[in-house]
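Comments concern the structure below.
Numbering (our numbering), first residue to last: 1 to 93.
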């Protein structure tokens with residue numbers, strides 16, 4: 001759900017597939033048990049986890065690479081899904 005480092009919106013994805021946005025949303029949830037936006041966020045946070053564990057990039061750099069508007073927003077989303085801050089997560093490695 002990404003093209004050249006830029007996240008693809010759910011609306012754009014439905015359009016690319018040639019289906020209506022409501023149909024795509026319903027079908028995606030039926031197949032995965034989560035919304036497409038939840039899935040996108042989960043994938044972004046999983047990628048962030050890989051960056052945190054395998055690189056020395058700063059939190060701000062990782063946030064930017066994954067399309068977050070700020071390190072604060074990234075940290076908030078990370079904490080909601082992982083249960084710890086990116087800094088704490090990295091220090092456990």
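Even glycine gets a Cβ: it sits at the ideal position worked out from N, Cα and C.
**OP:** In angstroms with no decimal places, state the Cα-to-Cα distance between residue 43 and residue 19.
**Re:** 23 angstroms
**OP:** Please report the residue range of the alpha helix (DSSP H) in which residue 37 lies.
**Re:** 36 to 54
Subject >> Reduced DSSP category for residue 84 - H, G, I as helix; E, B as strand; rest coil >> reply: coil
Original post:
Does the separation of the CB atoms of residue 29 and residue 14 fall below 9 angstroms?
Top reply: no
Original post:
Is the beta carbon of residue 59 less than 9 angstroms from the beta carbon of residue 75?
Top reply: yes
Original post:
By Cβ distance below 6 angstroms, which residues in the same chain neighbour residue 45 in space, the five residues on each side in sequence not counted?
Top reply: Answer for residue 45: 78 and 81, listed in chain order.
Subject >> Length of the line joining the Cα atoms of residue 53 and residue 63 >> reply: 14 angstroms
**OP:** Give the DSSP-derived three-state secondary structure of residue 92 in the structure shown.
**Re:** helix
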